[in-house]
Amino acid sequence: MKDDSMQATAAVPQPPAAPWPRSRMLNVWVDNLSMKQLMEKLDAGIVFTLNPDHLFHLQRHRAFYNAYRQADFITSDSKYVYWGLGWIGRRIQEKVSGSDIVPAYCAHHANNPAVRVFLLGAAPGIAQKALENINARAGREVVIGAHSPSMKFVNDEQEIADVIRLINDSGATCLIIGLGAPKQEIWITQYRHAMPKVKVYMGVGATIDYEAGAVKRAPRWMTRIGLEWLYRITTEPLRYWRRYLRDMEYFWLLLLDGLGLYKSPMQPGTPAASTKV
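Under the working numbering, the first residue of the sequence shown carries the number 66, and numbering increases by one thereafter.
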């Protein structure tokens, strides 16, 4: 299949400028960075972690697509994204998932008091437990605050204002958000300018649950061979079966992309199928 990793067609926008190589996956661009390189470069910016479910929404929700266009770092959160880029001739170095970025970032800055992390997301009490676990592992209070918002959080302006005040008062320099996609990505880009002390933003889905020990991650051997989805759907079928069913669209779009037939529905002037998040 043709390698067009650094070329855009009329149907796919040019990638945002970056001082490192990027590879196109459908209508977004993935950074070709290892975890080590990401840790070295991540002094400021927005980090999103791409998986097939995000790609499903990126074909339909313009607000989500616009949020992705503002990301400074986009990593592969999925073996299928990583493998898919290789299949169509746009290989990246490695899968760099959100559930690995968070502990790596906290460990990388364990002895750096200038880095202060705030956790936002998960069910009541879960974020606080994640804070305790991360700090115990780091040997210092690298996480200085945690908050589990209500289910109506993203649509409640008063609660949003209260949470932003809580984050600003904490002195956090990194905000890790686990609200689920596309809510967390849209929220970050909508409100980041209200938090001037925060330099790094991460949208990381269920990672706060993992750090708290509230949800078990798939065994490493399953993750390595791309079977994390099987572990999830067998342990939490009601939560994941619809997601993984709709994610089958990814393989069709990947085939079209590899054949040069994919066209982004998010071209300028093209209405999104939905704006609901």
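Glycine is no exception: its CB is placed at the ideal position from the N, C-alpha and C atoms.
Can you tell which of the options has the C-alpha that lies nearest to the C-alpha of residue i?
| i | options | result |
| --- | --- | --- |
| PHE113 | PRO247, GLY149 and LEU292 | PRO247 |
| PRO84 | GLY243, VAL93, SER99 and LYS106 | LYS106 |
| GLY186 | HIS212, VAL207, LEU319 and ASN116 | HIS212 |
| GLY236 | LEU150, ALA179 and TRP152 | ALA179 |
| ASN92 | PRO189, MET104 and ARG134 | ARG134 |
| ILE242 | LEU321, ASN131, LYS217 and ALA271 | ALA271 |
| LEU350 | GLY149, GLY323, VAL263 and ALA169 | There is simply no residue 350 to check, as the chain begins at 66 and stops at 342 in what is shown. |
| ARG87 | LEU150, ASN200 and LYS328 | LEU150 |
| VAL207 | PHE218, LYS194 and CYS171 | CYS171 |
| TYR315 | TYR275, ASN97, SER143 and ARG127 | SER143 |
| LEU320 | ASN198, GLY154, THR254 and LEU292 | GLY154 |
| ILE166 | SER141, GLU197 and TYR256 | SER141 |
| TRP148 | MET313, GLY291, LEU324 and GLN332 | GLY291 |
| GLN255 | ALA132, ASN97, ALA188 and ALA192 | ALA132 |
| GLU250 | HIS126, MET216 and ASP108 | HIS126 |
| SER162 | GLU293, GLN332 and ARG307 | GLU293 |
| ALA188 | ARG181, ILE273 and VAL263 | ILE273 |
DSSP three-state call for residue i: helix, strand or coil?
| i | result |
| --- | --- |
| LEU107 | coil |
| HIS174 | coil |
| LEU240 | strand |
| TRP94 | strand |
| LEU320 | helix |
| ARG87 | strand |
| TYR266 | strand |
| GLY151 | helix |
| GLY210 | strand |
| ASP69 | Because ASP69 sits at a pLDDT of 46, beneath the cut-off of 50, its placement in the model cannot be relied upon, and the following sentence gives the value as read from the coordinates. Coil at ASP69, not helix or strand. |
| GLY190 | coil |
| LEU115 | strand |
| SER143 | coil |
| VAL182 | strand |
Tell me which residues share the same chain as residue i and place their Cβ nearer than 6 Å to its Cβ, disregarding the 5 neighbours each side in the sequence.
| i | result |
| --- | --- |
| MET71 | Confidence is the limiting factor: at MET71 the pLDDT is only 41, short of 50, which leaves the residue's position unreliable and the question unanswerable from this model. |
| PRO330 | GLN124 |
| GLU159 | SER99 |
| ASP183 | The displayed chain sequence assigns Phe, not Asp, to residue 183. If we look at PHE183 and ignore the five residues flanking it on each side, its Cβ neighbours are GLY210, ILE232, SER235, ALA237 and LEU240. |
| LYS194 | ALA277 |
| SER215 | none |
| PRO261 | none |
Apply the 10 Å Cβ neighbour rule to residue i and answer buried if 16 or more other Cβ atoms are within range, or exposed otherwise.
| i | result |
| --- | --- |
| LEU326 | exposed |
| THR299 | exposed |
| LYS101 | exposed |
| GLY278 | exposed |
| HIS258 | exposed |
| ASN220 | exposed |
| TRP252 | buried |
| GLY268 | buried |
| ARG289 | exposed |
| GLN223 | exposed |
| GLU301 | exposed |
| ASN177 | exposed |
| LEU244 | buried |
| ALA192 | buried |
| ARG307 | exposed |
| ARG202 | exposed |
Which residues in the same chain have their Cβ closer than 7 Å to the Cβ of residue i, if we skip the five residues on either side of it in sequence?
| i | result |
| --- | --- |
| ASN204 | First, the residue type needs correcting, since residue 204 is Gly and not Asn in the sequence shown. Around GLY204: ALA175. |
| HIS122 | PHE129, ALA246 and PRO247 |
| GLY110 | ASP137, PHE138 and VAL265 |
| TYR275 | SER164 and ARG282 |
| ARG156 | LEU150 |
| ASP312 | PRO117, ASP118 and PHE121 |
| LEU196 | LEU184, VAL208 and ALA211 |
Who are the Cβ neighbours of residue i in its own chain at under 8 Å, not counting the five residues just before and after it?
| i | result |
| --- | --- |
| VAL146 | MET90, VAL95, LEU115, ASN116, PRO117, LEU120 and LYS160 |
| ASN200 | GLU206, VAL207 and VAL208 |
Is any beta-carbon of chain B found at less than 8 Å from that of residue i?
| i | result |
| --- | --- |
| ILE157 | Structure shown: chain B not included; a single protein chain is present. |
Is residue i close to the ligand PLP? I mean its beta-carbon at under 7 Å from any heavy atom of the ligand.
| i | result |
| --- | --- |
| LEU184 | Here there are no bound small molecules, and the ligand PLP is not part of this structure. |
Three-pair Cβ contact test at 8 Å for the stretch 274–290 versus the stretch 221–233
no
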